[in-house]
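When we follow my numbering, the leftmost residue of the sequence shown carries the number 3, and every step to the right adds one. Where is the CB? At the ideal position from N, CA and C, for every residue including glycine. To start, the structure under review is shown below, and the notes come after it.
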Amino acid sequence: MSDIATALRDIKQVLGPRGWIDDPQDMAPYLAEARGRFVGVALLVARPETTAEVAAVMAICHRHRIPVVPQGGNTGLVGGSIPYEAGNELVLSLGRLKRIRAIDTTDDTMTVEAGCILADLQRAAAEIDRLFPLSLGAEGSCQIGGNLATNAGGTMTIAYGNARELVLGLEVVLADGRIWNGLRRLHKDNTGYDLKHLFIGSEGTLGVITAAVVRMFPRPRQVETILAAIPDPTAAITLLPRLRAATGDALTGYELMARIALDFAYAHLPDLIDPLSEPAPWYLLIEAGSGPGDGLRPAMENALAAAFDDGLVQDAAFAESEAQRAQLWRLREAIVEAQKFEGGSIKNDISVPISVIPEFLERAIAAVTDAIPGCRPVPFGHVGDGNIHFNISQPVGAERTAYLARWDEVTHRIHDIIVSLEGSISAEHGVGRFKREELSRFKSPVELDLMRRIKTAFDPEGLLNQGKLIPEP
3 MSDIATALRD
13 IKQVLGPRGW
23 IDDPQDMAPY
33 LAEARGRFVG
43 VALLVARPET
53 TAEVAAVMAI
63 CHRHRIPVVP
73 QGGNTGLVGG
83 SIPYEAGNEL
93 VLSLGRLKRI
103 RAIDTTDDTM
113 TVEAGCILAD
123 LQRAAAEIDR
133 LFPLSLGAEG
143 SCQIGGNLAT
153 NAGGTMTIAY
163 GNARELVLGL
173 EVVLADGRIW
183 NGLRRLHKDN
193 TGYDLKHLFI
203 GSEGTLGVIT
213 AAVVRMFPRP
223 RQVETILAAI
233 PDPTAAITLL
243 PRLRAATGDA
253 LTGYELMARI
263 ALDFAYAHLP
273 DLIDPLSEPA
283 PWYLLIEAGS
293 GPGDGLRPAM
303 ENALAAAFDD
313 GLVQDAAFAE
323 SEAQRAQLWR
333 LREAIVEAQK
343 FEGGSIKNDI
353 SVPISVIPEF
363 LERAIAAVTD
373 AIPGCRPVPF
383 GHVGDGNIHF
393 NISQPVGAER
403 TAYLARWDEV
413 THRIHDIIVS
423 LEGSISAEHG
433 VGRFKREELS
443 RFKSPVELDL
453 MRRIKTAFDP
463 EGLLNQGKLI
473 PEP
């Protein structure tokens with residue numbers, strides 16, 4: 003029996019009959035990226051149920067030099083959780099590690115396993131009158147382990163930060179099968195290197211996150227949600243500090259949307275309602291939350307009235323019920339869904355300093371429409387933290403495949419602008435294999451050298467998520 007066959011036999015014995023998949027048809031969902039850009043091949047899909055089983059699988063793979071691809075909910079869009087086509091890798095799916103191990107309402111923490119669905123953690127917190135604020139479009143299927151491995155952001159980053167800011171401790175299985183138990187609930191621990199921050203955002207290249215201690219927060223007692231029509235992105239940036247000051251920094255959402263994005267949504271999704279009487283070039287979806295009292299609504303109204311007088315706001319609608327609040331957020335969510343009906347879409351997830359968002363949008367729109375006349379930029383995103391999803395729909399009547407073949411050319415132009423504005427080519431989705439080589443344009447040789455040294459220190463055999471995140475020297 004070959005070393006590989008022996009290893010697979012041992013892994014199957016460790017996991018039991020429910021802990022692995024080797025039928026090609028059943029493996030298929032684990033081998034394809036959501037957009038279909040990457041489809042790989044694997045020796046086996048391992049589905050451990052405990053941290054001990056993860057450790058046993060990693061030890062076997064380390065002993066037999068089998069590369070491992072850690073995988074959460076497989077909702078990523080850069081190929082970070084997909085094996086390559088060679089077929090020599092094992093996919094390690096964490097979906098069966100789905101227990102909430104502990105909830106502490108004094109420390110306001112949950113200790114959760116990597117396979118917990120994000121929406122389930124949100125509900126668990128809500129049931130005890132707490133808020134777990136990580137919120138993003140894939141929350142019904144993405145898993146917290148993957149969220150942490152990619153340092154996910156989302157709609158509430160302006161108030162609570164990225165995933166990194168929501169973690170107090172981690173449990174991680176290392177490449178050789180050892181377990182690092184860093185599941186601490188401490189807010190302060192000034193005893194040297196904070197190892198958890200190396201694993202958060204590492205995209206499974208340094209270790210396998212199996213559990214985490216995450217923070218909860220008091221639920222806001224007042225929530226105000228507003229859709230505001232604005233003339234341009236500059237108005238959004240000018241209004242942001244005014245609203246933060248007026249509300250005592252209570253903003254929890256600040257989403258910019260171009261009119262074309264809503265036009266797509268209204269055209270293709272009949273359940274949507276336009277709450278404003280006249281169309282505007284741009285929109286803001288604004289949400290603020292605060293403690294008990296009745297001061298938030300007047301503060302928001304006064305700030306928006308002043309902004310109206312100054313020409314920053316053209317119209318606005320407040321949600322008067324939870325149902326209306328849900329309708330406004332449905333508009334934001336529908337933007338992503340509706341774009342697929344308009345043909346091919348070249349997508350970019352970028353960030354720039356908040357103050358230069360208007361300049362980025364002006365230059366990026368000009369650059370892509372110059373490259374492809376008739377293309378339709380559809381910018382939207384978390385403008386309150388500098389994150390723009392700069393998507394470009396194909397020209398009307400264009401051939402989809404030919405249009406998407408120009409992805410790299412168009413994206414290269416956008417990235418040139420990002421570099422000049424000291425921004426990032428990935429704000430939320432990570433690097434994976436899709437942006438891996440492009441990273442060399444944005445990281446200095448010193449940064450890349452340090453990243454490679456860290457990778458070598460944690461995974462000297464290079465078995466974890468080979469060919470992801472870190473460019474070749």
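Buried or exposed (CB count within 10 angstroms, at least 16 for buried), residue i
i    : result
F40  : buried
S395 : buried
Q341 : buried
A165 : buried
V210 : buried
R11  : exposed
T53  : buried
P235 : buried
L8   : Strictly speaking, residue 8 in this sequence is Thr, with Leu absent from that position. Looking at its Cβ environment, which holds fewer than 16 other Cβ atoms inside 10 Å, T8 is exposed.
Y195 : exposed
L188 : exposed
E129 : exposed
Contacts around residue i, its chain only, beta-carbon distance under 7 Å, and the 5 residues preceding and following it disregarded
i    : result
L298 : Q224, E226, T249, A252, A290, S292
D276 : Y268
E440 : H417, I427
Top-ranked residue by Cα proximity to residue i, from the options
i    : options                : result
S143 : R132, A116, D131, M158 : A116
N192 : L170, V174, F201       : L170
A282 : A230, L245, A58, A308  : A230
D372 : L471, E440, R415       : R415
E344 : D265, D311, F392, S279 : D265
L17  : R438, Y86, S95, Q27    : S95
A307 : E280, L245, Y195       : L245
E280 : Q316, Y195, Y86, L471  : Q316
D410 : E401, A400, G425, I374 : I374
L450 : G434, N467, L471       : L471
Same chain, Cβ closer than 6 Å to residue i, neighbours up to 5 away in sequence not counted
i    : result
L406 : G346
I228 : I288, A318, F320
Q329 : I275
F134 : L123, Q124, A127, M218
L241 : A309, L314
K349 : N393
H431 : L79, V80, D351
V175 : V56, A57, M60, I181, V210, T212
Contact under 8 Å by Cβ, residue i with residue j
i    : j    : result
A263 : I352 : no
E205 : G81  : no
A151 : L185 : no
I390 : F436 : no
I62  : I13  : yes
T207 : D5   : no
E51  : L99  : yes
R125 : V114 : no
L79  : R37  : yes
G463 : A177 : According to the sequence provided, residue 463 is Glu. The question's Gly does not apply to it. For E463 and A177, yes; Cβs fall inside 8 Å.
L423 : V358 : yes
A127 : V93  : no
T111 : R261 : no
R365 : I419 : yes
G376 : V398 : yes
G21  : E55  : yes
N183 : E167 : no
G139 : I84  : no
P473 : R438 : yes
M302 : W284 : no
I239 : I356 : yes
M29  : V47  : yes
G156 : S137 : yes
G425 : V354 : yes
Y86  : G469 : yes
Own chain, CB closer than 8 Å to residue i, minus 5 neighbours either side, in chain order
i    : result
G313 : P233, A237
I160 : L253, T254, G255, Y256, H384, G386, D387
I367 : P379, P381
N304 : A248
L465 : C63, H64, R67, I68, P69, V70, A177
R2   : In this structure the chain extends from 3 to 475, so residue 2 is not present and cannot be described.
A88  : V43
I456 : L200, L208
Handout entry: At least 3 beta-carbon pairs within less than 8 Å: the region 67-78 vs the region 144-153
Key = Yes, they touch.
Problem - the region 377-396 touching the region 438-445, judged by at least three CB pairs closer than 8 Å - result: Verdict: no, contact absent.
Problem - the region 326-336 in contact with the region 270-285 per 3-pair CB rule at 8 Å - result: Between the region 326-336 and the region 270-285, the count of C-beta pairs closer than 8 Å reaches three or more; the two stretches touch.
Exercise for the section: For the region 194-203 and the region 318-325, state whether three or more C-beta atom pairs, one from each stretch, are separated by less than 8 Å. Expected result: The region 194-203 is not in contact with the region 318-325.
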